[in-house]
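**Student:** Numbering (the numbering used here), first residue to last: 5 to 127.
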């Protein structure tokens with residue numbers, strides 16, 4: 005997976021260097037399985053698809069992807085990173101992270117499941 009393309013996808017345009025560095029650092033530090041990363045991208049895709057009228061502020065892609073990664077990590081892995089770890093990695097407070105998880109779950113219709121067939125065809 006090319007991290008620069010990932011950053012561009014999440015930004016919806018060529019990503020700023022700072023965001024590219026953020027993506028590289030998060031993935032380097034967390035060492036998340038590629039399935040978690042792909043599932044997080046699927047969540048971002050679904051968020052945009054189901055809520056086409058949503059427009060994030062400049063720089064919100066970092067927050068959105070962080071929450072998508074945290075949810076994908078919780079969904080796929082038995083041993084997951086705590087909110088305090090995500091706080092340390094991103095600088096977002098645990099209150100913000102919890103609120104954003106709630107909002108993303110609500111926007112996704114409380115559905116994190118993806119069938120193996122859909123996952124394979126989407127990835």
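Every residue gets a Cβ at the ideal spot worked out from N, C-alpha and C, and that includes glycine.
Taking the straight line between their C-alpha atoms, what separation do you get for residue 102 and residue 78?
**Tutor:** What you label residue 102 is simply residue 98 of the chain shown in a count that begins at 1. What you label residue 78 is simply residue 74 of the chain shown in a count that begins at 1. So the alpha carbons of these two residues sit roughly 13 Å apart.
**Student:** Give the DSSP-derived three-state secondary structure of residue 84 in the structure shown.
**Tutor:** As a position in the chain shown, residue 84 is number 80, starting the count at 1. Residue state, collapsed to three classes: coil.
**Student:** Buried or exposed: residue 70, going by 16 or more other Cβ atoms within 10 Å of its Cβ?
**Tutor:** In the chain shown, the residue the question calls residue 70 occupies position 66. It counts as buried.
**Student:** Return helix, strand or coil for residue 20, following the three-state DSSP convention.
**Tutor:** The sequence position of residue 20 within the chain shown is 16, counting from 1. Coil.
**Student:** Using 8 Å for Cβ pairs, my map puts residue 98 next to residue 87. What's the rounded Cβ distance?
**Tutor:** Locating residue 98 in the chain shown gives position 94, counting from the first residue. Locating residue 87 in the chain shown gives position 83, counting from the first residue. About 4 Å separates the two Cβ atoms, so the contact holds.
**Student:** Using the C-alpha atoms, what's the distance from residue 36 back to residue 95?
**Tutor:** For this step, residue 95 is matched to residue 91 along the chain shown. For this step, residue 36 is matched to residue 32 along the chain shown. Cα to Cα, the separation comes out at about 19 Å.
**Student:** Using DSSP with H/G/I as helix, E/B as strand and the rest coil, what is residue 35?
**Tutor:** As a first step, residue 35 must be located in the chain shown, where it is residue number 31. Looking at residue 35 - three-state DSSP - the assignment turns out to be coil, as it is neither helix nor strand.
**Student:** What is the rounded straight-line gap between the Cα of residue 38 and the Cα of residue 120?
**Tutor:** Here the question's residue 38 lines up with position 34 in the chain shown. Here the question's residue 120 lines up with position 116 in the chain shown. The straight-line gap from Cα to Cα measures roughly 15 Å.
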